[in-house]
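Numbering (mature numbering (1 follows the signal peptide of the UniProt record, and there is no 0)), first residue to last: -19 to -1, 1 to 169.
Below, the structure written as structure tokens:
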């Protein structure tokens, strides 16, 4: 039950403090730069992270939690938009099929990012990274085409970059273990 209260508190903090603008201190900005340099849109990443900060000095652990929560909230909102608006209002068969596929994909994205956030709070970073990677795979299952533009084109791009930001923050928080090298056995 404590976990639920902690999660709700974090979500409330994100929701109500997003209008407060905090300029990060140099060490926090360095962390943000390390994350955002790995993304395809540095400015979007920087704005996304700094808009969630409530203190000038913020640890990588807090940034990882904020970005993971932001990605999960966005997945929930995207799924709600698909189910509540896009799918019911789709007029042609192609759009209905695309939105139905996206609904299926985003149900999985929601579940995977929810699990990633839980494992982040449990400090099990290996499972956190695994669920975030699964979320990225499922985002790509929602196929969008610039030749058949729908609101999902931008939603998918946004979701992918938010998930990438969370993944990069998680990798700085707890880098994956190095790959093991195979040792040759000497045979006489």
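In this text, a Cβ means the ideal position worked out from N, Cα and C, and glycines have one as well.
Looking only at its chain, what residues have a beta carbon closer than 8 Å to the beta carbon of residue i, apart from the 5 residues adjacent to it on each side?
i, result
"residue 89", "115, 116, 119 and 122"
"residue 66", "none"
"residue 68", "77, 80, 81 and 84"
"residue 93", "112, 113, 115, 116 and 119"
"residue 49", "94, 97, 98, 101, 109, 113, 147, 150 and 151"
"residue 131", "67, 76, 79, 80 and 125"
Excluding sequence positions up to five away, which residues of its chain have a Cβ less than 7 Å from the Cβ of residue i?
i, result
"residue 42", "154"
"residue -19", "Residue placement at residue -19 is poorly supported in this model, since its pLDDT is 49, which falls under 50; the coordinates still yield a value, given next. There are no such residues."
"residue 39", "5 and 9"
"residue 87", "56, 59, 60, 63 and 123"
"residue 159", "none"
"residue 71", "77 and 80"
State the CB to CB distance for the pair residue i and residue j, rounded to an integer number of angstroms; the pair is presumed to be in contact (CB under 8 Å).
i, j, result
"residue 44", "residue 31", "Residue 44 to residue 31, Cβ: 10 Å. No contact."
"residue 11", "residue 37", "Incorrect: roughly 13 Å between the Cβ atoms, too far for contact."
"residue 125", "residue 139", "Not a contact, Cβ separation roughly 12 Å."
Sorted by chain position, which residues of the same chain lie with C-beta nearer than 6 Å to residue i's C-beta, five sequence neighbours on each side aside?
i, result
"residue 149", "16 and 19"
"residue 83", "63, 123 and 133"
"residue 156", "none"
Would you say the beta carbon of residue i is closer than 6 Å to some non-hydrogen atom of the ligand SAH?
i, result
"residue 161", "Summarising the ligand content, the structure contains no ligands, and the ligand SAH is consequently not present."
(message) Quick test of the definition: if touching needs 3 or more C-beta pairs under 8 Å, does the region 49 to 68 touch the region 141 to 151?
(response) yes
(message) Quick test of the definition: if touching needs 3 or more C-beta pairs under 8 Å, does the region 104 to 115 touch the region 24 to 41?
(response) no
(message) Extract the residue ranges of the alpha helix (DSSP H) inside the region 105 to 159, only unbroken runs of 4 or more that lie entirely within it.
(response) 106 to 122 and 133 to 154
(request) Could I get the ranges of all uninterrupted alpha helix (DSSP H) runs contained in the region 11 to 73, with 4 residues as the minimum, in chain order? (result) Every unbroken stretch of the alpha helix (DSSP H) spanning 4 or more residues and falling wholly within the region 11 to 73 is given here in chain order: 23 to 31 and 41 to 62.
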